[in-house]
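Structure first, then comments.
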Amino acid sequence: MSETIDTRALPAVITTYLTVDQARDLDPALACYTDDAVVTDEGRTHRGKHEIRNWLNRAASRYTYTTTLVAAHHVDNEHYVAVHHLQGDFPGGVVDLRLQFTLDGDRIAELVIEP
2 MSETIDTRAL
12 PAVITTYLTV
22 DQARDLDPAL
32 ACYTDDAVVT
42 DEGRTHRGKH
52 EIRNWLNRAA
62 SRYTYTTTLV
72 AAHHVDNEHY
82 VAVHHLQGDF
92 PGGVVDLRLQ
102 FTLDGDRIAE
112 LVIEP
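Just so we're aligned, residue 2 is where the sequence shown starts under my numbering, counting upward by one.
Have a look at this one:
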């Protein structure tokens with residue numbers, strides 16, 4: 002069961018990641034991940050920093066959109082959820098995405114993105 006928290010209460014690595022990802026700043030975003038991290042987005046799984054780098058590159062160039070962090074949840078000390086409201090030129094134009102983070106210390110070990 003998760004607890005709703007203030008978005009400012011998310012761990013530093015998550016807030017850093019969300020900030021640099023929104024700025025489409027690839028290297029600092031990649032630095033937030035563990036070497037063997039896993040990202041699942043749009044039904045595809047990307048393993049390790051090489052695949053995650055490729056995914057970040059594609060995601061940044063595919064569509065133009067704005068994001069607003071609208072909610073955050075604390076599941077336990079390793080699991081957090083950030084809810085982003087996106088608006089842009091992607092199919093449908095508007096979506097709320099749940100970014101489900103699993104942390105390993107001060108790095109992201111897993112990220113699952115789903116509506």
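Beta carbons are placed, not taken as given, at the ideal position from N, Cα and C, and that holds for glycine.
Work out the CA separation of residue j and residue i for me, nearest whole Å.
i	j	result
Asp-7	Tyr-81	12 Å
Leu-11	Ala-73	7 Å
Ala-60	His-86	16 Å
Thr-20	Gly-44	24 Å
Pro-92	Val-84	19 Å
Asp-26	Thr-5	28 Å
Ala-24	His-75	25 Å
Please classify residue i: does DSSP put it in a helix, a strand, or coil?
i	result
Arg-48	strand
Ala-24	coil
Thr-41	strand
Tyr-66	strand
Leu-87	strand
Leu-11	coil
Starting from residue i, follow the beta strand (DSSP E) in both directions and report where the run begins and ends.
i	result
Gly-106	Neither: Gly-106 is in no beta strand (DSSP E) and is coded neither H nor E.
Thr-5	4–6
Between residue i and residue j, how many whole angstroms is the CB-CB distance? I'm expecting something under 8 Å.
i	j	result
Thr-103	Glu-79	6 Å
Leu-31	Arg-54	6 Å
Thr-41	Ile-114	7 Å
Tyr-66	Asp-90	7 Å
Arg-108	Val-14	6 Å
Applying the 10 Å Cβ sphere with the 16-neighbour rule, what's the burial state of residue i?
i	result
Tyr-1	Residue 1 is absent from the model: the chain starts at 2 and stops at 116.
Ala-38	buried
Tyr-64	exposed
Val-95	exposed
Asp-36	exposed
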